[in-house]
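Asker:
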Amino acid sequence: MDNYVVGIDIGGTKLATVVADDSCKIVNKVRKPTLADKGPEYAIQLLFDMVYQTIEEASLKLETIRAIGVSCGGPLDTKTGVVYSPPNLPGWDAFPLKERLESEFKVPTMIENDANACALAEYRFGGGRGYNVVLYMTMSTGIGGGIVVNGQIFHGANDSAGEVGHQILLPDGPQCGCGKRGCLEALCSGPAIARRAKEAVQNESNSIILALADGKLDAVKSEHVLEAARQDDSLAQKLIDETAYYMGWGIANVVNMLNPDIVLLGTIAIAAGDLLLNPIRHTVSSFAMARPAEAVKIMPAQLGDSLGDLAAIALVV
Ligand SMILES: [Zn+2]
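All letters in the sequence shown, in the order written, are residues 148 to 464 by the working numbering.
(1) Considering only residues of the same chain and omitting the five flanking positions on each side of N235, which have a CB-CB separation below 6 Å?
(2) Less than 7 Å separating the Cβ of E332 from some heavy atom of ligand 1?
(3) Going by DSSP in three states, S232 sits in which element: helix, strand or coil?
(4) Does the beta-carbon of R343 have 16 or more other beta-carbons within 10 angstroms, so that it is buried, or is it exposed?
(5) To which residues of the same chain is M446 closer than 7 Å at the C-beta, ignoring the five residues directly before and after it?
(6) Residues in its own chain within less than 7 Å of P338 by CB, not counting five upstream and five downstream?
(7) In or out: N260 buried (at least 16 other Cβ within 10 Å) or exposed?
(8) Is K327 near ligand 1, with its Cβ less than 7 Å from a heavy atom?
(9) May I ask you to check if the CB of C335 is nearer than 7 Å to at least one heavy atom of ligand 1?
(10) According to DSSP, simplified to helix, strand and coil, what is M394?
(11) Assess, as a yes-or-no matter, whether the stretch 298 to 306 is touched by the stretch 349 to 356 under the definition of 3 or more beta carbon pairs within less than 8 Å.
(12) Below 7 Å, is the gap between the Cβ of G309 and the nearest heavy atom of ligand 2?
(13) Does the beta-carbon of G420 have 16 or more other beta-carbons within 10 angstroms, so that it is buried, or is it exposed?
(14) Confirm the yes/no value for this check: CB of G324, any heavy atom of ligand 1, distance under 7 Å.
(15) Which whole runs of the alpha helix (DSSP H) in the stretch 364 to 430 are 4 residues long or more, in chain order?
(16) State the CB to CB distance for the pair L248 and I202, rounded to an integer number of angstroms; the pair is presumed to be in contact (CB under 8 Å).
(17) List the DSSP bridge partners of D240.
(18) Closer than 7 Å: is that where the CB of H302 sits relative to any heavy atom of ligand 1?
(19) Could you give the C-beta distance for L357 and V348, rounded to a whole number, given that I count them as a contact under 8 Å?
(20) Are the CB atoms of P407 and V311 within a distance shorter than 8 Å?
(21) Buried or exposed: P491, going by 16 or more other Cβ atoms within 10 Å of its Cβ?
(22) Give a single yes or no on whether H313 has its beta carbon closer than 7 Å to a heavy atom of ligand 1.
(23) Could you check what DSSP says for N297 in three-state terms: helix, strand or coil?
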């Protein structure tokens with residue numbers, strides 16, 4: 148057998164390497180902290196070691212590996228494989244990731260933006276199976292997006308398609324990490340929900356949100372808002388409804404443009420389930436045009452904890 152592939156998932160906090168067989172079954176994985184402040188040279192040497200370790204522990208030889216897929220925070224160039232200053236990877240400025248991996252391992256290597264790779268994995272193995280036009284949206288520290296059309300990632304002119312989180316909904320709204328104001332991400336990411344909650348709890352002594360965060364305002368997170376909403380906390384419910392309103396508004400814009408079969412929402416939407424998804428569906432159906440609104444399903448992503456591993460593998464199977 149010489150038909151194994153290696154997947155590499157590069158995040159701001161952790162690195163993961165996996166090896167999978169030709170039926171996409173993951174046979175071994177290794178995880179290590181990224182230690183992002185040590186820069187790209189530290190990370191690439193660590194990744195080399197991790198790939199060798201992943202292969203050796205599975206009792207495989209390097210010659211059995213036919214390709215490497217890499218899922219990494221963007222911006223990046225999928226053709227040249229150069230990574231350009233991802234916000235979560237300081238110092239990775241014009242870093243030739245594909246070239247470095249290919250010269251070490253001598254196998255074809257595909258580099259992809261993590262949200263795009265996740266979209267492809269959901270299309271191949273998860274909630275997007277059987278659909279032609281799939282939009283995947285992360286909903287965690289940021290709001291990223293990936294579009295898969297007929298089995299192919301839609302990249303746009305220079306690998307910048309799918310930035311659904313940076314559509315501006317409120318031009319005078321809160322500051323976004325991208326430098327603009329009032330983006331969907333600045334309203335609905337985990338930190339954005341936490342920020343709105345921190346502002347709101349200061350004028351709302353009846354809410355249990357602060358108590359769930361052990362009374363520490365700085366410790367309030369989106370998880371506490373979800374937990375409080377489940378316990379019928381009216382402020383938390385209001386924050387969830389507000390989040391669903393902006394998410395639904397943003398998704399409706401994309402639904403009108405793309406006419407997707409399905410929109411799959413990650414992390415926070417998975418944790419929240421119908422508590423968040425039902426009001427999102429309601430807003431989409433009232434804001435989007437009738438025909439695309441009728442066609443689209445809005446569902447939680449399905450791959451859960453294995454999404455990052457499968458995202459890198461999906462690129463090379
Ligand atoms: Zn933005």
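Positions of the beta carbon are idealized from the N, C-alpha and C atoms, including for glycine.
Answerer: So, from the data block:
(1) G159, G220
(2) yes
(3) coil
(4) buried
(5) G274, I409, L411
(6) T288
(7) buried
(8) yes
(9) no
(10) helix
(11) no
(12) This structure lacks ligand 2; its bound ligands are ligand 1.
(13) exposed
(14) yes
(15) 369 to 377, 381 to 405, 415 to 419
(16) Going by Cβ atoms, the distance from L248 to I202 rounds to 14 Å, so no, they are not a contact pair.
(17) Y231
(18) no
(19) 5 Å
(20) no
(21) It is not possible to answer for residue 491, since the shown part of the chain is limited to 148 through 464.
(22) yes
(23) coil
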